[in-house]
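FYI, in my numbering the residues of the sequence shown are 3 to 879.
No residue lacks a Cβ here, since even glycine has one placed at the ideal position from N, Cα and C.
Note that the structure is a prediction, hence the values are computed from the model and not measured.
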Amino acid sequence: MDIPSKYEPNTVENHWYDYWMQHKYFHSEPDEREPYTIVIPPPNVTGVLHMGHMLNNTIQDVLIRRARLLGKNACWVPGTDHASIATEAKVVAKLKEQGINKSDISREEFLKHAWDWTHNYGGVILEQLKKLGCSCDWERTAFTMNDNMSDSVIKIFVDLFNKGLIYRGHRMVNWDPEAQTTLSDEEVIHEERQGLLYYLSYPIEGSKEKVTIATTRPETILGDTAICINPKDERYRHLKGKKAIVPICNRSIPIIEDEYVDLEFGTGCLKVTPAHDVNDQTLGVKHNLEVIDIFNPDASLNSFGLHYEGKDRFLVRKEIAKELEEKGFLVKTENYVNKVGTSERTKAVIEPRLSDQWFLKMEELVKPALSSVLETREVKFFPKKFENLYRNWMENIRDWNISRQLWWGQQIPAYYFGDGQNDFVVSENIDDALQLAQEKSNDLNLTIADLRQDEDVVDTWFSSWLWPITVFNGILEPDSKDINYYYPTSDLVTAPDIIFFWVARMIISGYEYRKEPPFKNVYFTGIVRDKQRRKMSKSLGNSPDALRLIEEYGAGGVRVGLLLSSAAGNDLLFDENLCQQGKNFANKVWNAFRLVKGWEVRDLPQPEAAKLGVAWYTAKFNQTLKEIEDHFSKYRISDALMATYKLIWDDFCSWLLEISKPAYQQPVDKTTFDSIIRLFEQNLKLLHPFMPFLSEEIWQRITYRNPQQALIISQWPKIEEEVDEGLIRGFNFASEVISGIRTIRKEKNIPMKEALELSILNQEKVSNAWDVVIQKLTHLSKVSYIESGLERALTFRVKSNEYFIPIGGAIDVDAEIKKIQDELNYTKGFLQSVQKKLSNERFVNNAPEQVVAIEKKKAADAKAKIETLEKSLTSLG
């Protein structure tokens, strides 16, 4: 079989992915083996592959491929999330392009458009994951709007309602004016923004007195229904019981007292707008204040906005400030930085809004989920630091607002049959709902036509919190073979920014519906950032095209590039050069394969150097395998890759192959060749999780393999024997000797074809076993052991051993002596300057301990160098 001169990832990757799919290596069914299960964090159905997906899914694939090699029944379930807000926004935008407004069509028509969009664009990201090499069980691909998943969500909603955990309430919620839906607290991002603090004067009714109030939102004065003062504030005590006039709208409002008012903020007076601030709403309820909502759903002003009706809130802010100034109500403005809530999805500024919504009580539900992470450790976080973040959120959790004012999603199974506040029932289907409504109303004449289903859908996360259960149909069939075999799953790999949205909630639902957690370990990846530490995003234009990277560097190159600097939980500063490094590594391994397969093999005695090299590398492999196993056990995936990388690049390619390869145009003995192939195959097994395409290609080219012998289903290496530490120490010492000789050749321009002699003053009592290797790799004609130093020789040291290379005719002795003398003089001068600093008591007593230690090391190093240089002069003299 001809071996191409260079590795061609594009051809290789397509071939082997098709081969793996054809032979169903990714598919899993329950059997007698230990299961190893991962469920993919479902990307948005409308999404495309970005750097965060690349990192996250590379790590999952590394874990799943290694589990497969370990003989486990590996099952990686892929799928997508319907992403209510994001998908509905795309469909609405598409309809607008066609001149259609959502409000002009029925729900059924809109959902048809949404499904058409999903079928046309959904799942693109899953196809892109195949390019990365992800070995998902594609036969199990799930979608959160599939019938069984939607039915499961509805069933859980009804169950939680019947348990008294889901309720309908009139609350202040986070309103996204762009998506026109509520959001949970976790979907609101608080950003610091520069704004203004407006000082406004309110006339006191029946007098010429005015009271000044500071606000960041002057447009909301049109919804003011009170002014509040602190009863302890002597400045305003005389205003108790009086009324103030709201500027512009001239509405008379009461002045109330409450200790909630901060005496230090602004002027110590507070305008109360119960419809537009959560704290004001609390005051409004407490003091029975009128509630005036001045906003439309899109955050433009309604009829309460008077002559500003129909205008956007931020435009009104500018215009009303100008009007207030013109009419003498604006006292002054000050620059002010405050935190503004924005929508995690649309980036719109959130409006607090009073609304009837559905909520899930969380206080009791969180208890087993909190304990499982922080006490029983049934769920382990990697890195552990995220436990504190988890604890803080779980211990301060609020009821979850689970309703969304959208059409794309699972419609809330509540059915209304009257005008009263409690004239509704909750049921999995309308037929059962009718029976419940008849019983609740005592009206057997009610018909299905009298029922109207709640327009809202549940929060997307209310479906995805069930993901590890519903992908195995564990809600509808709680005793099925799949759910009992694969659940709980093994590892979850996710970004820390959805620890509340998804991770915590999955743990909560796992205990509520399976009495055990949904996974055993959670590996938190870092955020992929650019070299300026900015999060990669389309809006910043700093995120490279993922598919272009794969095209240019190969999937293996990109995978290695991402993982090389991706320690768990730490942000990854992505540099495209890392992908080039990954590509270079692939070429290094490929060239090593070409070298070995290019050897002519014969039945010859095995050279001692090759025999020793194979024994050393076997020990080194076992030592590194132990290290790699430890890294995997602690989810240090990047460290496991680096250990593999160094083992193959440095130890195998740079050392073992050099030790083992035959002389130019000479054959290699069969014993050495077979050993090298065996060790190469072991390397490929370690490499496979990280670079699956390259490793499978070389594996299949080494010798003919049938489908049952493919690398993807081979066996992960086992540590076959205790590591021979003596062999490793011997090689490490020998490699330093080899480096010393190579340095002399390089510095003195002595060509490799010119044989050298080496004399050794063996004060370390090192075994001479490695001399054959040293001799081969440095082209020595003779190695001898001496009792005292040689004259007229170049010298170097390894620990206390001294090595001498007699000077040949190619060396200008006088020039060498002058060079060493110059270096000696410089080093002595440097030592004097350091010793002078160390003899200064003021420096030693006042400088940091670390600085003094550095200077002492400089002095010790200089002394050692002087000793070596003086010996070199002596030997040359």
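DSSP-derived helix/strand/coil call for residue i
i	result
Y2	The structure shown does not extend to residue 2, since the chain spans only 3 to 879, so no value can be given for it.
E759	strand
C136	coil
I500	helix
H192	strand
W119	helix
D455	In the sequence as presented, Asp is not what sits at residue 455; that position holds Gln. Three-state result, Q455: strand.
T527	coil
E602	coil
R703	helix
E259	strand
V1	Residue 1 is absent from the model: the chain starts at 3 and stops at 879.
N103	coil
I730	helix
K245	strand
N485	At residue 485 the sequence reads Ile, which differs from the Asn that was named. It is helical.
A76	strand
Y545	The question names Tyr, yet the displayed sequence has Ser at residue 545. Residue state, collapsed to three classes: coil.
M147	coil
W883	Because the chain in this structure spans residues 3 to 879, residue 883 falls outside the shown range and cannot be described.
L574	strand
R170	strand
N475	coil
Residue i Cβ short of 7 angstroms to the ligand GDP heavy atom set
i	result
I730	By its list of ligands, the structure shown contains no ligand whatsoever, and the ligand GDP lies outside what it can speak to.
Sequence-distant residues of the same chain with beta carbon closer than 8 angstroms to residue i, five excluded per side
i	result
T876	G791 and E793
L308	L224, I250 and C251
I191	G343, T344, S345 and E346
V333	Y201, L202, S203 and T214
T892	In this structure the chain extends from 3 to 879, so residue 892 is not present and cannot be described.
V280	M174 and P354
Close Cβ partners of residue i (< 7 angstroms) along its chain, the five nearest in sequence each way excluded
i	result
T39	C77, Y488, T491 and S492
M147	H84
Q684	F623 and P719
S716	L71 and K687
T183	I87, R406, Q407 and L408
P415	I156, F159, V160, V428, S429 and E430
Status (buried if at least 16 other CB within 10 Å, exposed otherwise) for residue i
i	result
S802	exposed
Y828	exposed
M754	exposed
E804	buried
H240	exposed
A1	Within the shown structure, residues of the chain are numbered from 3 to 879, placing residue 1 beyond reach of any answer.
I450	exposed
V853	exposed
A665	exposed
F316	exposed
G831	exposed
R379	exposed
Cutoff 8 angstroms: residue i Cβ touching any chain B Cβ
i	result
Q413	Although the question refers to chain B, the structure presented lacks it and comprises just one protein chain.
Own chain partners of residue i with C-beta closer than 6 angstroms, once the 5 adjacent residues on each side are dropped
i	result
G312	S302
D653	K622
P669	E602 and R604
E698	W18 and L713
S155	Looking at the sequence shown, residue 155 is not Ser but Val. Once the five neighbours on either side are set aside, the close Cβ partners of V155 are Q412 and S465.
E141	H29
V473	V41, V79 and A144
D300	P179
I529	K537 and D573
Write down every uninterrupted run of the alpha helix (DSSP H) in the stretch 281-344 whose length is 4 residues or greater and which is fully enclosed by it, in chain order.
315-328
Complete runs of the beta strand (DSSP E) confined to the stretch 792-876 [at least 3 residues]:
795-800 and 803-808
Whole alpha helix (DSSP H) runs in the stretch 638-680 with 4 or more residues, listed along the chain?
639-648 and 659-662
Between the stretch 521-530 and the stretch 67-87, can you find at least three pairs of beta-carbon atoms closer than 8 angstroms?
no
Any contact of the stretch 256-272 with the stretch 218-237, i.e. 3+ C-beta pairs under 8 angstroms?
yes
Contiguous beta strand (DSSP E) assignments of at least 3 residues, all confined to the stretch 349-417:
353-362 and 382-384
Would you say the stretch 553-560 touches the stretch 582-600, given that touching needs at least three Cβ pairs under 8 angstroms?
yes
Just to confirm the assignment: which complete beta strand (DSSP E) runs, minimum length 3, are found wholly within the stretch 202-229?
212-217
Contact between the stretch 451-470 and the stretch 151-169 (3+ Cβ pairs under 8 angstroms)
yes
Inter-stretch contact (C-beta, 8 angstroms, three-pair minimum) for the stretch 765-782 and the stretch 841-861:
no
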